[in-house]
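Structure first, commentary second.
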Amino acid sequence: MTPQLVILCGGKGTRLAERLRLPDGTLLPKPLVPLEGTPLLERQMRHAAAFGVRRMTLLVAHRADAVREFCHGLHLPGVTVDLVEDGVPKGTAGATLHALDGLEDEFLVMYGDTLLNVDLDRFVAFHRDSAAGITLFAHPNDHPRDSDLLDVDDQGLVRGMHPYPHPQGTAYRNLVNAALYCMRKNALAPFRDTPAPADFAKDLFPLMIRSGTRIAAYASPEYIKDVGTPERLDAAERDLRSGRFAAQTLRLPQRAVFLDRDGVLNEEVGLLSKVEDMRLLPGASAAVRRLNRAGMLAVVVTNQPVVARGECDETTLRRIHDRMESLLGDEGAYIDRLYYCPHHPHGGFPGERKDLKVPCTCRKPATGMLETARRDLHVDFARSWLVGDRTTDMQCARNAGIRSILVKTGMGGADGACLSTPDLEAEDIGAAVSIILAAEFPGEQAA
Ligand SMILES: [Zn+2]
33 MTPQLVILCG GKGTRLAERL RLPDGTLLPK PLVPLEGTPL LERQMRHAAA FGVRRMTLLV
93 AHRADAVREF CHGLHLPGVT VDLVEDGVPK GTAGATLHAL DGLEDEFLVM YGDTLLNVDL
153 DRFVAFHRDS AAGITLFAHP NDHPRDSDLL DVDDQGLVRG MHPYPHPQGT AYRNLVNAAL
213 YCMRKNALAP FRDTPAPADF AKDLFPLMIR SGTRIAAYAS PEYIKDVGTP ERLDAAERDL
273 RSGRFAAQTL RLPQRAVFLD RDGVLNEEVG LLSKVEDMRL LPGASAAVRR LNRAGMLAVV
333 VTNQPVVARG ECDETTLRRI HDRMESLLGD EGAYIDRLYY CPHHPHGGFP GERKDLKVPC
393 TCRKPATGML ETARRDLHVD FARSWLVGDR TTDMQCARNA GIRSILVKTG MGGADGACLS
453 TPDLEAEDIG AAVSIILAAE FPGEQAA
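Going left to right, the sequence shown walks through residues 33 to 479 as my numbering numbers them.
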């Protein structure tokens, strides 16, 4: 059962006025702004209907007449559309709370200026598994230094927000609230008297977190963009024309580049266990940025036996990865997902963690992390690659049936652990990415 959909249609669209003006001088309401000739609201409603959404509730504060007329003219078989008029703008949370009594037990919330191609089935399934009151759709972006970043714990629950600007010397995970939510009505009910205007991100979520409501973050590389300015609207139209929009959904198989960490992205220092020892290799950010722009997923898969050996706890490992994401973000690059294996098969180290001193299915050359990525991100192995500096990486790629590139940085293949040979070799991650992009996008000038 797909939940009800609530679309926040209250925005005035002042910044989009030039695109909303009709020949007679009147202005369309913002959700009706055309993208490649189709109103944004129609794109959202058709997308939801394709996932089986049967009831859509539009919260309208401005030009309700125009939205109503548009809905009358829209043919969506089997879908009930109702409008709730707010009168005065109440903010995103205020409008939703105002309409709460008429909503179903579970509902999705979309903003009226968002173009998205999100697999709603996956998103809703995650929400139901999480047992959270609210699930936020979240993603990394290419400018985390000047973004409000989510503070998420190891269980994926939101603890709060790291608001922009971030103090000097801080490093956070690159994860941004993308303004698509799945909500349980009973999680919101205790807050129905929150004074309006109230915004979800600024007002209601912090209040709910302080009150102990579980808010989960769902990280996904799918297409979701705010198109609230002419520049963003133009960029979104380019994505519609180029096919980028159509391809960037987890309904469809994705191309991924699996990246080993130490010796590929960052300097090999031998069992890295100190945050300050995380230093990116020259050209690593530029290489990842090129993958991002090409629409290939950048997925880090790393063996971290330091955890089992007791040399680095998982909190420190997390801070090491936060620093890596922050350093990448400073140069406009991001990773789509990171998996690590904390295990190690051989006991006998002082301070080791017995619970992690076990044979596992995730430690490379085993393929467990790749298999998890395949499920989580709908990765197509036949169109994916692995870049590593060790023979264990090459063997892992061979075991999974993925093409491999050995780089000369880090161990440069001299670890001697496996006999497996790479499909290709490259000087470093930048050269490896050039090979991959040339193979995947023949005829295109790699940017
Ligand atoms: Zn493992």
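Cβ coordinates follow ideal geometry from the N, Cα and C atoms, glycine included. Only a predicted model underlies this, so the values are computations on that prediction, with no experimental measurement involved.
P66 is bridged by DSSP to P71. Annotation for A81: L108 and V111 place their beta carbon closer than 7 Å to its own, counting only its chain and skipping 5 residues before and after. The set of residues with any CB-heavy atom separation to ligand 1 below 6 Å comprises, in chain order, C373, H375, C392, C394 and R395.
For C373, the enclosing beta strand (DSSP E) has its first and last residue at R369 to C373.
For S436, the enclosing beta strand (DSSP E) has its first and last residue at R435 to V439. The DSSP-derived three-state label of R160 is helix. In terms of CA proximity to L132, M215 leads the group D97, D186, A211 and M215. One thing to note: A449 has its Cβ no nearer than 8 Å to the Cβ of L402. Taking 3 residues as the minimum length, the beta strand (DSSP E) runs contained wholly in the stretch 70-100 are 87-92, in order along the chain. Within the DSSP bridge table, the entry for M215 names F139 and I166 as partners.
Residue pairing by DSSP places L291 opposite V332 and V419 in a beta bridge. In the three-state DSSP reduction, E403 falls in the helix class (H, G or I).
Approximately 5 Å separates the beta-carbon atoms of C373 and N335; this is inside 8 Å, confirming the contact.
Membership of V320 in the alpha helix (DSSP H) is indicated by the continuous run A316 to A326. A330 is positioned such that its CB atom lies no closer than 8 Å to that of D362. Using a 10 angstroms sphere on the CB of G201, the tally of other CB atoms stays under 16, which defines it as exposed. Of the residues assessed, H378 falls on the exposed side of the cut-off, its CB having fewer than 16 other CB atoms within 10 angstroms. In this structure, the alpha-carbon of L418 lies about 10 Å from that of A464. If you ignore the 5 residues before and after R75, its C-beta comes within less than 7 Å of the C-beta of L67 and L147, all in its own chain and listed in chain order. By the Cβ neighbour-count rule, M33 is exposed, with fewer than 16 other Cβ atoms within 10 Å of its own. Burial is judged here by how many other beta carbons sit within 10 angstroms of a residue's own beta carbon; S416 has at least 16 and is buried. Under the DSSP assignment, M356 falls in the alpha helix (DSSP H) whose first and last residues are E346 to D362. If you ignore the 5 residues before and after H353, its C-beta comes within less than 7 Å of the C-beta of L370, all in its own chain and listed in chain order.
Cβ contact annotation for C103 (same chain, cutoff 6 Å, sequence separation greater than five): V113, in chain order.
Excluding sequence positions up to five before and after R100, its CB lies within less than 7 Å of the CB of L115, all in the same chain and listed in chain order. For A127, the closest of A470, T245 and P227 by C-alpha to C-alpha distance is P227. For D183, there is no enclosing alpha helix (DSSP H); the residue is part of the beta strand (DSSP E) that begins and ends at L181 to V184. D185 is positioned such that its CB atom lies no closer than 8 Å to that of H194. At the C-beta level, T348 and V307 come within 8 Å of one another. Counting of Cβ neighbours within 10 angstroms places P172 among the buried residues, the total reaching 16 or more. Taking all protein chains shown into account, G119 has fewer than 16 neighbouring C-beta atoms within 10 Å of its C-beta and is therefore exposed.
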